[in-house]
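Student:
Number of protein chains: 2
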Amino acid sequence: MTPLSPETPDSSAAQRVLDAAERLFYSRGVQAVGIDMVVADAGVGLKTLYAHYRSKDRLVEAYLRRLNQRFLDRLQARMAHLQGRDQVLAVFDALGDWFAEPEFSGCAFINVAGELHTNPAARAIAREHKQSLRALLQRAARAAAVTDPDTLADRLMLLVEGAVVTAYVEGDEHAAVRARSAAAALMDCARPAHCDDVPSRAADRLQ
Amino acid sequence: MTPLSPETPDSSAAQRVLDAAERLFYSRGVQAVGIDMVVADAGVGLKTLYAHYRSKDRLVEAYLRRLNQRFLDRLQARMAHLQGRDQVLAVFDALGDWFAEPEFSGCAFINVAGELHTNPAARAIAREHKQSLRALLQRAARAAAVTDPDTLADRLMLLVEGAVVTAYVEGDEHAAVRARSAAAALMDCARPAHCDDVPSRAADRLQ
DNA sequence: CTTGACGGGAAACGCCCGTTCTCTAGACTC
DNA sequence: GAGTCTAGAGAACGGGCGTTTCCCGTCAAG
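Shown next as structure tokens:
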């Protein structure tokens, strides 16, 4: 079937395109990067790109989907061997490592949401990504043995999003450690009785 | 000097341009809105726009600067007549009202930061906006009579940013009330002794 | 060696953008 | 009423975009 090209089996051309798209879209923004730049960086022809991804919008969607999967996988791997509230704190340690990377350019999903007001598919993927992250935080919150894990997860989500935005917009690498200390404070002294009037997002979803 | 045009004195043409730019840039994104669309919406000619704002980048900067001023003014007005921790909670009440507006499209400064990776001036204005908001939260935190107002302000800032992003990306209007309850919890049981190892951002700035 | 599929390179197409320039109509000054 | 200035309408220009199409060279199959 597939000829033994100078490339590995499967279609590594598609991989190279997606790698280049990820690098360029994330660092420069989706709208600022043209198809020509992607194919030049990937070392493929335009025909190859359009054979695997039928349009730029589809390429953006594939970029976001793979990023979502890898983000969640890596985060879960960092939390897998931890117990209790350490699982929660590990999320913020991971954020700190991320913010310190020189290529850090904020959250790709937030950026795309703010950039592509017109592309509903991309915005849907961004929403799904946030919901997956929220679910991951809910599992961690349950492991932290607090009385109201869903409320804690909602608050942790706010801290995570706030830390990412602060690290990016303000260029503040220490946002993660501050969010970590805030998360610890919330776990230390969360009094769920204080928040009975505030519906948790998980409760909303069940309605 | 100025002839008695069908417009009010001062240059109301510049105002109309800025109004149109704000409406369009905020709702559709800066890159998705062309100059032609702005002048059509403002009912002026291209020459008028370029006479008052010498380029699209300058127009974007003027748009962000006016939005920053109005945002801070309105927020301060809502907090002026309140005392103590009510000043802090009023911030999140204001967020709730904002999120409920049908035109709500997230934080313009976050959107611009994610959209215009190439425009340093716009990103600088976004950073200044966040720093102004942080200073406002610091004043409110001092009024809340907590032991470490700067740390509290840092944490409130994370909650505010997280709420805005969550309300926008996830379409969750209730993010503000959840952030409000988290802020109340942090004010209730903040134990500054727990956070001595975490430098506050205000401390960073003084170094 | 011939054939044919594959894929990179690049031209071409139609469209939109930011910016500049020209034309024209109206209103104020004198 | 003639002159002058303002400002809107729109053409023009150079450039970039997403997408399609064509031209080749390369390499496996027969």
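Protein chains in written order, with our numbering: chain A, 5 to 211; chain B, 5 to 211.
Note that CB positions come from ideal geometry on N, CA and C, so glycine has one too.
#1: Run through chain B and tell me which residues come within less than 9 Å of Glu26 (chain A), C-beta to C-beta.
#2: Can you check the stretch 44-119 of chain B for any alpha helix (DSSP H) of at least 4 residues that lies completely inside it and give the ranges in chain order?
#3: Residue range of the alpha helix (DSSP H) that Glu26 (chain A) falls in?
#4: Sort A:Lys134, A:Ala186 and A:Glu65 by Cα distance to Arg159 (chain B) and report the nearest one.
#5: Looking at the structure shown, is Val169 (chain B) part of a helix, part of a strand, or coil, going by DSSP?
#6: Please classify Pro153 (chain A) as buried or exposed, where buried requires at least 16 neighbouring CB atoms within 10 angstroms.
#7: Any Cβ of chain A within less than 8 Å of the Cβ of Val42 (chain B)?
#8: Give me the residue from A:Val164, A:Ala17 and A:Leu28 with the minimum Cα distance to Val95 (chain A).
#9: DSSP three-state label for Val150 (chain B), please.
#10: Expressed to the nearest angstrom, what Euclidean distance is found between the alpha-carbon atoms of Val21 (chain A) and Gly110 (chain A)?
#11: Quick one: is Gly49 (chain A) near chain B, going by C-beta distance under 8 Å?
#12: Determine the DSSP secondary structure at Ala145 (chain B), reduced to helix, strand or coil.
#13: What I want to know is whether the C-beta of Ala18 (chain B) ends up closer than 7 Å to one or more non-hydrogen atoms of the ligand SAH.
#14: Anything in chain A within Cβ reach of Gln35 (chain B), meaning under 9 Å, just list it in chain order.
#15: Starting from the C-beta of Met191 (chain A), find all residues in its chain whose C-beta is less than 8 Å away, skip the five residues before and the five after it, and write them out in chain order.
#16: Pull up the distance between the alpha-carbon of Phe75 (chain A) and that of Glu105 (chain A), whole angstroms please.
#17: Quick one: which chain A residues come within Cβ less than 7 Å of Tyr172 (chain B)?
#18: Does any residue of chain A have a CB that is nearer than 8 Å to the CB of Val169 (chain B)?
#19: Quick check on this structure: which residue in B:Leu63, B:Gly100 and B:Ala171 has the alpha carbon closest to the alpha carbon of Ala25 (chain B)?
#20: Along chain B, in chain order, which residues have C-beta atoms closer than 7 Å to that of Thr122 (chain A)?
#21: From Lys134 (chain B) to Leu141 (chain B), what distance separates their C-alpha atoms?
#22: Are Ile114 (chain A) and Val173 (chain B) close, meaning C-beta to C-beta below 8 Å?
#23: Which bits of chain B does Glu65 (chain A) rub up against, with CB to CB less than 7 Å?
#24: Just the Cα atoms here: how many angstroms apart are Trp102 (chain B) and Ser59 (chain B)?
#25: At a Cβ threshold of 8 Å, is Phe29 (chain B) touching chain A?
#26: Would Leu141 (chain B) pass as an interface residue toward chain A - the criterion being a Cβ-Cβ separation below 8 Å?
#27: If you draw a straight line from the C-alpha of Asp61 (chain A) to the C-alpha of Ala126 (chain A), how long is it?
#28: Whose C-alpha, out of B:Ala171, B:Phe108, B:His121 and B:Ala81, is nearest the C-alpha of Ala144 (chain B)?
#29: Would you say Arg182 (chain B) reaches chain A, if we count a Cβ-Cβ gap shorter than 8 Å as a contact?
#30: To the nearest angstrom, report how far apart Leu162 (chain A) and Ala84 (chain A) are at their CA atoms.
#31: Considering just the uninterrupted stretch of the alpha helix (DSSP H) at Val37 (chain A), what are its terminal residues?
#32: Quick check on the DSSP output: the alpha helix (DSSP H) that includes Gly192 (chain B) runs from which residue to which?
#33: Leaving out five residues on either side along the sequence, give the residues of the same chain with a beta carbon under 8 Å from the beta carbon of Val169 (chain B).
Tutor: Taking the coordinates as given:
#1: By Cβ distance, chain B contributes nothing, its closest Cβ being about 15 Å from Glu26 (chain A), past 9 Å.
#2: 50-56, 60-84, 89-104 and 112-119
#3: Ser16 to Arg32
#4: A:Ala186
#5: helix
#6: buried
#7: Closer than 8 Å: no.
#8: A:Val164
#9: The answer is coil: DSSP assigns Val150 (chain B) none of H, G, I, E or B.
#10: 22 Å
#11: no
#12: helix
#13: Judged by which ligands are present, the structure shown has none, so any question about the ligand SAH falls away.
#14: Gly33, Gln35, Ala36 and Glu119
#15: Cβ within range, chain order: Arg89, Val92, Ala148, Val150 and Leu156.
#16: When rounded, the distance between both Cα atoms is 15 Å.
#17: Ala117
#18: Interface residue, yes.
#19: B:Leu63
#20: The contact set of Thr122 (chain A) on chain B, defined by CB atoms closer than 7 Å, consists of Ala36 in chain order.
#21: 10 Å
#22: Cβ distance < 8 Å, so Ile114 (chain A) and Val173 (chain B) count as in contact.
#23: Chain B residues near Glu65 (chain A): none, gap ~16 Å exceeds 7 Å.
#24: 30 Å
#25: no
#26: no
#27: 8 Å
#28: Ranked by Cα distance from Ala144 (chain B), the first of B:Ala171, B:Phe108, B:His121 and B:Ala81 is B:Ala81.
#29: yes
#30: 22 Å
#31: Looking at the DSSP string, Val37 (chain A) is not in any alpha helix (DSSP H), and its letter there is neither H nor E.
#32: Rather than Gly, the amino acid found at residue 192 (chain B) in this sequence is Asp. Per DSSP, the continuous alpha helix (DSSP H) segment holding Asp192 (chain B) begins and ends at Ala179 to Cys193.
#33: Excluding residues within five positions, the ones whose Cβ falls inside 8 Å are Gly110, Cys111 and Ile114.
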